[in-house]
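Chemist: The following block contains the structure, expressed as structure tokens.
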Amino acid sequence: MDLRVLNYFLTVAQEKTISKAAEVLHLSQPTLSKQLKDLEVELGVQLFTRGNREITLTTDGIYLQKRGREILSLVDTTTNNLTHNQVVSGTISIGAGETQAFQLIAMIINDLRQRYPDITLQLFSGTADEVKERIDQGLLDFGLVIDPVDK
Numbered sequence: 001m002d003l004r005v006l007n008y009f010l011t012v013a014q015e016k017t018i019s020k021a022a023e024v025l026h027l028s029q030p031t032l033s034k035q036l037k038d039l040e041v042e043l044g045v046q047l048f049t050r051g052n053r054e055i056t057l058t059t060d061g062i063y064l065q066k067r068g069r070e071i072l073s074l075v076d077t078t079t080n081n082l083t084h085n086q087v088v089s090g091t092i093s094i095g096a097g098e099t100q101a102f103q104l105i106a107m108i109i110n111d112l113r114q115r116y117p118d119i120t121l122q123l124f125s126g127t128a129d130e131v132k133e134r135i136d137q138g139l140l141d142f143g144l145v146i147d148p149v150d151k
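full-length UniProt numbering puts the first residue of the sequence shown at 1, with every later residue one more than the last.
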């Protein structure tokens with residue numbers, strides 16, 4: 001199945017007429033009709049019930065519409081991920097209350113640095129209230145505290 005023809009099918013399903021879909025797709029109506037008929041032959045199922053003014057999807061057509069949307073969405077996502085160099089970078093400011101869990105935080109940060117070398121991590125250690133104050137001032141992205149903080 002050709003992705004281009006799958007897109008044609010989805011457009012016809014959305015527009016509910018071949019003539020409107022052909023207009024949207026900038027194709028002639030006979031060309032679009034032939035592509036759809038060839039798709040039905042290729043799949044061995046009837047995708048549409050053709051009426052006087054509109055077409056309706058058969059059960060197989062509804063299934064292909066659902067899966068077709070998923071397929072084209074996945075293709076778009078994959079293409080975008082491969083064509084746009086998505087380097088994770090920037091600065092993350094983390095505050096933590098003084099706790100023994102800071103060793104665990106240090107291990108996680110070490111792992112992050114290895115996975116994402118373009119990330120800069122800034123650490124602040126202080127009381128729960130100091131961490132909250134720095135978050136409120138916009139100096140920290142997030143904080144980890146054990147004790148409750150004053151509002």
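Glycine residues also receive a C-beta, built at the ideal position from the N, C-alpha and C atoms.
DSSP three-state label for residue 109, please.
Modeler: helix
Chemist: In three-state DSSP terms, what is residue 140?
Modeler: coil
Chemist: Name the one or two DSSP bridge partners that residue 119 has.
Modeler: 90
Chemist: Straight-line CA distance for residue 73 to residue 13?
Modeler: Going by the C-alpha atoms only, they are around 16 Å apart.
Chemist: What does DSSP give as the partner residue(s) for residue 125 in the beta ladder?
Modeler: For residue 125, which the question treats as bridged, DSSP gives the partners 96.
Chemist: Three-state secondary structure (DSSP) at residue 57?
Modeler: strand
Chemist: Assess contact between the region 52-61 and the region 101-115, defined as three or more Cβ pairs (one per stretch) separated by less than 8 Å. Is contact present?
Modeler: no
Chemist: Which of the three DSSP states is assigned to residue 49 in this structure?
Modeler: strand
Chemist: Helix, strand or coil: how does DSSP classify residue 38 here?
Modeler: helix
Chemist: Quick check on DSSP: helix, strand or coil for residue 44?
Modeler: Reduced to three states, the DSSP call for residue 44 is coil.
Chemist: Run the CB neighbour count on residue 55, radius 10 Å, all protein chains shown included, and call it buried at 16 or more, exposed below.
Modeler: By the neighbour-count rule (16 or more Cβ atoms within 10 Å), residue 55 is buried.
Chemist: So, are the CB atoms of residue 136 and residue 93 less than 8 Å apart?
Modeler: 8 Å or more divides the Cβ of residue 136 from the Cβ of residue 93.
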